[in-house]
Structure formats: C-alpha cells, structure tokens
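Presented below is the structure to which this report refers.
Residue numbers (the numbering used here): 9 to 201.
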C-alpha cells in the first residue's frame with residue numbers, strides 16, 4: 009500500500025491534540041505533565057510517552073477506548089438493518105470490487121502495519137468502501153456515516169461532564185478521520201487529494 013505518510017502523521021497529530029485538550033480541560037483528573045506546560049504541548053512534542061506521564065496518558069486513552077467501544081456496540085446493533093436497506097435499494101455494479109477494504113481507512117484506523125489490521129478494522133474498511141461508493145453515486149450524503157456514529161454516541165448512558173467531554177472529543181476525532189478518508193483516495197499507487 010503506497011499512501012503518503014503525511015496522511016498518517018496528520019491524523020496522529022490531530023488525535024494527540026484532541027486527547028491533550030481533553031486532559032488539559034480536566035486537571036483534577038489528569039495532573040499536568042512535568043515535562044511541559046500542558047498536555048497539548050507535551051503530546052505534541054513527545055512521540056513515545058515515557059516517565060511519570062505515561063500512566064496518566066494511558067488512563068486518558070483507556071477512557072477514550074472504553075467510551076468508543078460502548079458507542080461502537082450501540083452503532084453495530086443498528087448497522088445490519090441499514091446495510092441491508094442499502095443493498096436492497098442500490099444497484100452495485102460489482103459487489104466484489106466495491107467491498108475491497110478501503111486502503112486509506114485501513115491506514116487511518118489500523119495503522120501502517122498490516123499485522124495490526126484486526127477483523128474489525130478490515131470490516132470497517134470494507135464498510136468505508138461501500139460508503140465511498142454510495143457517496144460518489146449520490147445515494148447518501150458525505151456526512152451520513154459521521155452522523156450515524158454521533159447518534160450512537162449520543163445515545164450512550166451517562167450524563168456526567170466527563171462522559172460528555174469524552175464523547176465530544178471522540179466525535180472530533182471521528183469527524184476528522186472521516187474527512188481524511190473521504191478526501192484522500194488511492195489511485196494507481198499514489199495518494200490523491
């Protein structure tokens with residue numbers, strides 16, 4: 009897969025920024041780092057988190073992962089019916105071709121190492137291929153998948169300030185990821201914006 013490394017680094021940079029902003033907004037839960045003035049600065053200048061900050065960053069990432077998994081389960085409960093509706097109302101020219109995992113989605117969600125591409129990540133990348141096809145065909149608006157994900161997150165139980173802030177931060181990440189996936193296409197081995 010020959011995808012421009014700038015896509016990966018930009019997605020990582022943005023995710024680190026969002027996590028840092030979330031941590032800075034909750035200093036009672038995330039004690040500021042020793043090696044920088046704030047978490048945004050610390051995460052911007054540190055690729056591999058070491059030292060006393062590592063446990064704090066892992067705590068924040070654990071919260072993100074937990075809420076994202078809850079939202080994912082809520083969304084997947086509804087997904088088969090939606091996909092079935094698309095399949096029955098749309099004429100796909102060649103289903104095998106359409107359902108090849110989207111390489112940009114694989115890269116953004118799964119990372120550069122194919123060994124890290126779990127079956128869930130590959131399934132998402134296949135969904136992204138279908139979604140991009142539907143957007144190009146004019147069957148769904150470009151924000152359809154993002155809006156569906158947001159509805160899934162908005163329906164999560166719990167109204168604490170922390171939970172809402174986590175959901176909002178995850179929505180930011182998803183929106184950015186979706187924009188990057190839709191904006192970047194792989195054509196003949198090169199990334200096209």
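No residue lacks a Cβ here, since even glycine has one placed at the ideal position from N, Cα and C.
Shortest alpha-carbon distance to residue i belongs to which of the options?
{"i": "residue 65", "options": "78, 79, 77 and 29", "result": "29"}
{"i": "residue 192", "options": "58, 111, 45 and 78", "result": "111"}
{"i": "residue 138", "options": "70, 109, 21 and 78", "result": "109"}
{"i": "residue 133", "options": "80, 176 and 113", "result": "113"}
{"i": "residue 170", "options": "18, 35 and 22", "result": "35"}
{"i": "residue 79", "options": "187, 115 and 154", "result": "154"}
{"i": "residue 152", "options": "68, 167, 190 and 55", "result": "190"}
{"i": "residue 26", "options": "188, 45, 180 and 145", "result": "180"}
{"i": "residue 140", "options": "187, 168, 164 and 55", "result": "187"}
{"i": "residue 164", "options": "55, 127 and 77", "result": "77"}
{"i": "residue 136", "options": "120, 107 and 63", "result": "107"}
Would residue i and residue j be called neighbours here (beta carbons separated by less than 8 angstroms)?
{"i": "residue 37", "j": "residue 47", "result": "no"}
{"i": "residue 157", "j": "residue 129", "result": "no"}
{"i": "residue 33", "j": "residue 131", "result": "no"}
{"i": "residue 116", "j": "residue 49", "result": "no"}
On the CB-based measure, 16 or more other CB atoms within 10 Å of its CB, does residue i come out buried or exposed?
{"i": "residue 118", "result": "buried"}
{"i": "residue 59", "result": "exposed"}
{"i": "residue 39", "result": "exposed"}
{"i": "residue 104", "result": "Residue placement at residue 104 cannot be trusted, given a pLDDT of 47 that sits under 50; what the coordinates show is reported in the next sentence. By the neighbour-count rule (16 or more Cβ atoms within 10 Å), residue 104 is not buried but exposed."}
{"i": "residue 198", "result": "Residue placement at residue 198 is flagged as unreliable, the pLDDT there being 38, under the threshold of 50; the coordinate-derived value follows with that caveat. The residue is exposed, with fewer than 16 neighbouring Cβ atoms inside 10 Å."}
{"i": "residue 71", "result": "buried"}
{"i": "residue 41", "result": "buried"}
{"i": "residue 14", "result": "exposed"}
{"i": "residue 68", "result": "buried"}
State the CB to CB distance for the pair residue i and residue j, rounded to an integer number of angstroms; the pair is presumed to be in contact (CB under 8 angstroms).
{"i": "residue 20", "j": "residue 51", "result": "Not a contact, Cβ separation roughly 10 angstroms."}
{"i": "residue 75", "j": "residue 178", "result": "6 angstroms"}
{"i": "residue 175", "j": "residue 161", "result": "5 angstroms"}
{"i": "residue 73", "j": "residue 61", "result": "At roughly 18 angstroms, the Cβ-Cβ gap does not stay under 8 angstroms, so residue 73 and residue 61 are not in contact."}
Output yes if chain C places a C-beta closer than 8 angstroms to the C-beta of residue i; else output no.
{"i": "residue 118", "result": "Going by chain labels, chain C is absent from the structure shown, which holds only one protein chain."}
### Query
Taking the runs of the alpha helix (DSSP H) that are 4 residues or longer, which of them lie wholly in the stretch 126–150?
127–144
### Complete beta strand (DSSP E) runs within the stretch 145–181 (minimum length 3 residues, chain order)
none
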